[in-house]
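The block underneath contains the structure these notes are about, expressed in structure tokens.
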Amino acid sequence: MNTFQKRILLLSVLFLAILTLAACGGGEGKSSKSANEIEIVYKAPDESFESWMKEAKEQFEAENEGVTVKITPIDSNEGDYPNKTILMMRSADTAPDIVMEDSEGLKPNAAAGYLAPITDKLEEWEDWDHFYEAVKDGVTGEDGEFYGVPISTDVRGLWYNKTVLEKAGIETPWNPESWDDVLAAAEAIKDDVEVPIWMNSGKAMGEGTTMQTFLMLLNGTDSDLYNEDTGKWVVSSEGFLDSLKFIDHVYQNDLGPSLSWGITGQAGAKVSTELMPKGEVGIALDGNWMSGNWQESGNSPWPEWEDHIDITAMPTMDGQGDGKVTVSGGWTLAIPEKAANKDLAFEFIKTATSKDNLRYGTALTPRKDIAELDDYQQMTYQQKITEFLEFTTYRPTYDEYPMVSSNIQKAVEAVTTGTLTPEEALEQFKKDVNRDVGEDKTEEE
Amino acid sequence: MGKSKSLNGNIYLKTVLFGLPSIVLLLLFVLGPIIMTFYFSFTNMSLTGAAARDTQFVGFDNFIRMFQDPSFKTSVINTIVFLIASAVIGQQIVGFLVAYLMKQKARPFRRIIGILILAGWITPEIVVAFVWFAFLSDSGTLNIMLGFINIEPIAWLLKFPLVSVIFVNIWHGAAFSMLMYQAALDDIPQEVEEASKIDGANAWQRLWRITLPIIKGSAVTNMVLVTLQTLGVFTLIYALTGGGPGEKTTTLPIFMYDQAFVNYQLGYGTAISLVLLVIGISLSLLYIRFLKTD
Chain A
1 MNTFQKRILL LSVLFLAILT LAACGGGEGK SSKSANEIEI VYKAPDESFE SWMKEAKEQF
61 EAENEGVTVK ITPIDSNEGD YPNKTILMMR SADTAPDIVM EDSEGLKPNA AAGYLAPITD
121 KLEEWEDWDH FYEAVKDGVT GEDGEFYGVP ISTDVRGLWY NKTVLEKAGI ETPWNPESWD
181 DVLAAAEAIK DDVEVPIWMN SGKAMGEGTT MQTFLMLLNG TDSDLYNEDT GKWVVSSEGF
241 LDSLKFIDHV YQNDLGPSLS WGITGQAGAK VSTELMPKGE VGIALDGNWM SGNWQESGNS
301 PWPEWEDHID ITAMPTMDGQ GDGKVTVSGG WTLAIPEKAA NKDLAFEFIK TATSKDNLRY
361 GTALTPRKDI AELDDYQQMT YQQKITEFLE FTTYRPTYDE YPMVSSNIQK AVEAVTTGTL
421 TPEEALEQFK KDVNRDVGED KTEEE
Chain B
446 MGKSKSLNGN IYLKTVLFGL PSIVLLLLFV LGPIIMTFYF SFTNMSLTGA AARDTQFVGF
506 DNFIRMFQDP SFKTSVINTI VFLIASAVIG QQIVGFLVAY LMKQKARPFR RIIGILILAG
566 WITPEIVVAF VWFAFLSDSG TLNIMLGFIN IEPIAWLLKF PLVSVIFVNI WHGAAFSMLM
626 YQAALDDIPQ EVEEASKIDG ANAWQRLWRI TLPIIKGSAV TNMVLVTLQT LGVFTLIYAL
686 TGGGPGEKTT TLPIFMYDQA FVNYQLGYGT AISLVLLVIG ISLSLLYIRF LKTD
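Line order of the protein sequences matches chains A and B. Under the working numbering, think of the first position of the first sequence as 1, with each following residue one higher. Under the working numbering, think of the first position of the second sequence as 446, with each following residue one higher.
Following this line, the structure appears as structure tokens:
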């Protein structure tokens, strides 16, 4: 190699290095989106959401010349979806114009400045009055502003297999009046099915374990998780212990699913799409959306499901209070603070959530005027399920809630696997929450 | 004199010039994040909630909380057990044995065995996790095989979770050590081995007195690499057990992920990652020191 070649080599190496560095620094602040495009992201797979959005998109694009609506699926499980969308919302480069947002994350995400307040826009929209007042609480931030438009609400209850219960001599329609009634029914069908009673009981199901299982129990006792008067988390209570004891009873007596798959992230899908259609599940404490899987457009179509499956409300512990209990959450459409086309985004939300368009699978509607429609009432059990909204409760989704919730999941899983007794798990929960949120924010009953 | 000095200066300049791009990149992408991590671990940084907008310096709060957290202690113990059993002992010994036994065997034999073991290594962690999840499940291959000798199915991931993930990690990682040892063993001069044979050393003596001392340097290098790789294993455990049941397979990376992305406590998560970094650095220094003593 002569000197000239060496110099050329040296120069090209330097040139390459500079190019690499330049490439790393670029791209700040530039958005590739055009002014006439809005992007909406949703948690996939969700065929109901997708087909609803496609129809809204067609209408919106026809009504607004030159506008494109981009529907982007985010393949994700329950636990990762909030992280993925938060990371997108943190940068103007990646922030979508509309995000399908779980009402659980709405308050903290609003407090973090990720979401844009839309109170002014909503007050000018005549349709806003048609939304249930209770559901509007779910889209209100801690500062009192609205941060989203509800697209669904939900309740939880006891799905049960009529055929299985009848065979065991239990009268249907089944109306259990206490936890003991539920456990007795599960005991009666123990030998007939693979899973006498299904409930989310692991850390892998994330919020599902807190909401579909634990809060459905705790809210049926006389204790609370959060004291609204003092603004403190209740880390130790009689009701908390009773709830853990219920779970303990289920698993120690083999009334639950086999733990080898029952506490994994795949368990929920296995139960709803595989075991229930096979008639191998007696009772399932789960959300009202479960039947969505069995519709023609669902993940596991099961045309005869109505002949076998019914739903009833979860009873309170000893029948106290209303005698029944449920917990509600729901999904919303929200506009990120860093969205490029906020006004156009809101116009699209209006179109998508109008009386004529808001048809989100079998989800409970947040609009009173839709709930009165005949075709809505004709959906199986819809009227019965909508009645659950009369005694429903909402979660205290304040900033510390995710930490409290994951400690609940930890306690539930420990009891489920028999690692800890209910008493030990309660003690651990108390310690964990005191440490994680600070003792000044907790109290004992 | 003068000429050689200018030549030296020229070489120095070239060294700097050639080194500069990589030094800049290292500063930017390695040292930068480490300093940021160090800083964030002293804040209440959060992924969402009010603390995400207004991140504050909280001093040693994260570290105090960490050392009071029994889950942290559990994760440290799990990490150490996982590290020693699967990397330091498992992968090293399996890797060495395979390499040693394959030495001077027929070429086709070496090829086939080598490819089989390498297959485990080149398979992505997430695929390894799914394969083993199926293999170890209630009605999986392992339980079917055990069924032939009349052993009841065992819920491996539930009854022996840590042992299972250790085993899977050995299966996945042994090929790396095997390659390292193969290269080292091939470097041993044949004359030395032949000389010891003529002097009457038996196979055991040759292994203990000749082979091992010669490859000691490679062994330590391999130890450092395997340790660092294993400390960072996340996908494999997360996909197999999610850190459970309970906290039985929660290692530090899993614990860190849970705190940062499930509880949204990024500050606390980075504090945990800092501890992980310190463990990695200390172990590497320890190994290197061990190498220098002789």
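In this text, a Cβ means the ideal position worked out from N, Cα and C, and glycines have one as well.
Compare the beta carbon distance of residue i and residue j with 9 Å and say whether it is the shorter of the two.
{"i": "I40(A)", "j": "T68(A)", "result": "no"}
{"i": "L285(A)", "j": "M216(A)", "result": "yes"}
{"i": "N288(A)", "j": "W302(A)", "result": "no"}
{"i": "Q389(A)", "j": "T153(A)", "result": "Sequence check: residue 389(A) is Leu here, not Gln. In contact: L389(A) and T153(A) (Cβ atoms closer than 9 Å)."}
{"i": "A705(B)", "j": "L462(B)", "result": "no"}
{"i": "A188(A)", "j": "L165(A)", "result": "yes"}
{"i": "V572(B)", "j": "L685(B)", "result": "no"}
{"i": "R510(B)", "j": "D436(A)", "result": "yes"}
{"i": "E443(A)", "j": "S223(A)", "result": "no"}
{"i": "W159(A)", "j": "S291(A)", "result": "yes"}
{"i": "T586(B)", "j": "F580(B)", "result": "yes"}
{"i": "W331(A)", "j": "E101(A)", "result": "yes"}
{"i": "G220(A)", "j": "I385(A)", "result": "no"}
{"i": "A340(A)", "j": "A95(A)", "result": "yes"}
{"i": "D399(A)", "j": "P108(A)", "result": "yes"}
{"i": "V250(A)", "j": "A186(A)", "result": "yes"}
{"i": "Y114(A)", "j": "K278(A)", "result": "no"}
{"i": "T416(A)", "j": "G268(A)", "result": "no"}
Alpha carbon to alpha carbon, how far is residue j from residue i? Give it in angstroms, no decimals.
{"i": "Y709(B)", "j": "M403(A)", "result": "8 Å"}
{"i": "L333(A)", "j": "K162(A)", "result": "37 Å"}
{"i": "F246(A)", "j": "S486(B)", "result": "40 Å"}
{"i": "Y683(B)", "j": "Y81(A)", "result": "17 Å"}
{"i": "Q266(A)", "j": "N200(A)", "result": "11 Å"}
{"i": "K84(A)", "j": "K550(B)", "result": "51 Å"}
{"i": "M668(B)", "j": "V533(B)", "result": "7 Å"}
{"i": "R359(A)", "j": "A112(A)", "result": "31 Å"}
{"i": "T524(B)", "j": "G618(B)", "result": "16 Å"}
{"i": "K30(A)", "j": "I86(A)", "result": "Confidence is the limiting factor: at K30(A) the pLDDT is only 41, short of 50, which leaves the residue's position unreliable and the question unanswerable from this model."}
{"i": "T675(B)", "j": "S641(B)", "result": "37 Å"}
{"i": "V149(A)", "j": "V678(B)", "result": "41 Å"}
{"i": "V193(A)", "j": "I309(A)", "result": "14 Å"}
{"i": "L472(B)", "j": "I724(B)", "result": "22 Å"}
{"i": "L673(B)", "j": "V543(B)", "result": "22 Å"}
{"i": "E304(A)", "j": "G256(A)", "result": "25 Å"}
{"i": "F49(A)", "j": "G329(A)", "result": "17 Å"}
{"i": "Q627(B)", "j": "Y545(B)", "result": "7 Å"}
{"i": "G26(A)", "j": "T273(A)", "result": "Because G26(A) carries a pLDDT of 45, less than 50, the predicted location of this residue cannot be relied on, and no value is offered for it."}
{"i": "M446(B)", "j": "Y457(B)", "result": "Because the pLDDT at M446(B) is just 45, under 50, the model does not fix this residue reliably, and the point stays unresolved."}
{"i": "Q635(B)", "j": "F735(B)", "result": "27 Å"}
{"i": "E28(A)", "j": "A496(B)", "result": "Model confidence at E28(A) stands at a pLDDT of 42, short of 50, so the residue's coordinates are unreliable; what they give is reported in the following sentence. Approximately 25 Å, taken between the alpha carbons."}
Assuming the contact rule is C-beta atoms closer than 8 Å, residue i and residue j should be a hit. Round their C-beta distance to whole Å, please.
{"i": "I263(A)", "j": "G689(B)", "result": "7 Å"}
{"i": "E104(A)", "j": "E207(A)", "result": "6 Å"}
{"i": "S178(A)", "j": "P45(A)", "result": "Contact flag wrong, Cβ pair sits at about 38 Å."}
{"i": "T482(B)", "j": "N489(B)", "result": "That belief does not hold up - the Cβ atoms of T482(B) and N489(B) are roughly 15 Å apart, past 8 Å."}
{"i": "V539(B)", "j": "I615(B)", "result": "6 Å"}
{"i": "L630(B)", "j": "K548(B)", "result": "5 Å"}
{"i": "Q295(A)", "j": "T365(A)", "result": "No, Q295(A) and T365(A) are not in contact; Cβ-Cβ is about 16 Å, not under 8 Å."}
Applying a beta-carbon distance threshold of less than 8 Å, which residues of chain B neighbour residue i?
{"i": "K203(A)", "result": "G687, G688, G689"}
{"i": "S406(A)", "result": "D703, V707, N708"}
{"i": "E511(A)", "result": "In the structure displayed, chain A extends from 1 to 445; residue 511(A) sits before or after that span and is not available."}
{"i": "N357(A)", "result": "Per Cβ cutoff of 8 Å: no residues; N357(A) is ~30 Å from chain B at best."}
{"i": "N83(A)", "result": "L492, F706"}
Identify the contact partners of residue i in chain B, using a Cβ-Cβ distance below 7 Å as the criterion.
{"i": "T417(A)", "result": "P690, G691"}
{"i": "R156(A)", "result": "By Cβ distance, chain B contributes nothing, its closest Cβ being about 22 Å from R156(A), past 7 Å."}
In chain A, which residues lie with their C-beta within 7 Å of the C-beta of residue i?
{"i": "Y709(B)", "result": "P402"}
{"i": "L476(B)", "result": "None at all; the shortest Cβ gap to chain A is about 15 Å."}
{"i": "G494(B)", "result": "P108, A111, A112, D399"}
{"i": "L458(B)", "result": "Correct list: empty, because the minimum Cβ distance to chain A is about 10 Å."}
Cβ closer than 9 Å: which chain A residues qualify as neighbours of residue i?
{"i": "S582(B)", "result": "S260, W261"}
Can you pull the chain B neighbours of residue i, defined as C-beta to C-beta under 9 Å?
{"i": "I86(A)", "result": "L492, T493, A497, Y709"}
{"i": "G282(A)", "result": "Those do not exist, as G282(A) stays about 20 Å from chain B at its closest Cβ, beyond 9 Å."}
In chain A, what lies closer than 8 Å to residue i by C-beta?
{"i": "Q513(B)", "result": "R435"}
{"i": "S602(B)", "result": "According to the sequence displayed, residue 602(B) carries Leu and not Ser. By Cβ distance, chain A contributes S260."}
Query raised in the report: Can you give, in chain order, each stretch of the alpha helix (DSSP H) that sits fully within the region 513-597 of chain B and has at least 4 residues?
Result: 515-527, 537-547, 552-567, 570-581, 586-593
Query raised in the report: Fully enclosed by the region 686-736 of chain B, which alpha helix (DSSP H) runs are 4 residues long or longer?
Result: 697-702
Query raised in the report: What are the uninterrupted segments assigned as alpha helix (DSSP H) that are 4 or more residues long and contained completely in the region 310-389 of chain A, given in chain order?
Result: 342-352, 368-371, 374-377, 382-387
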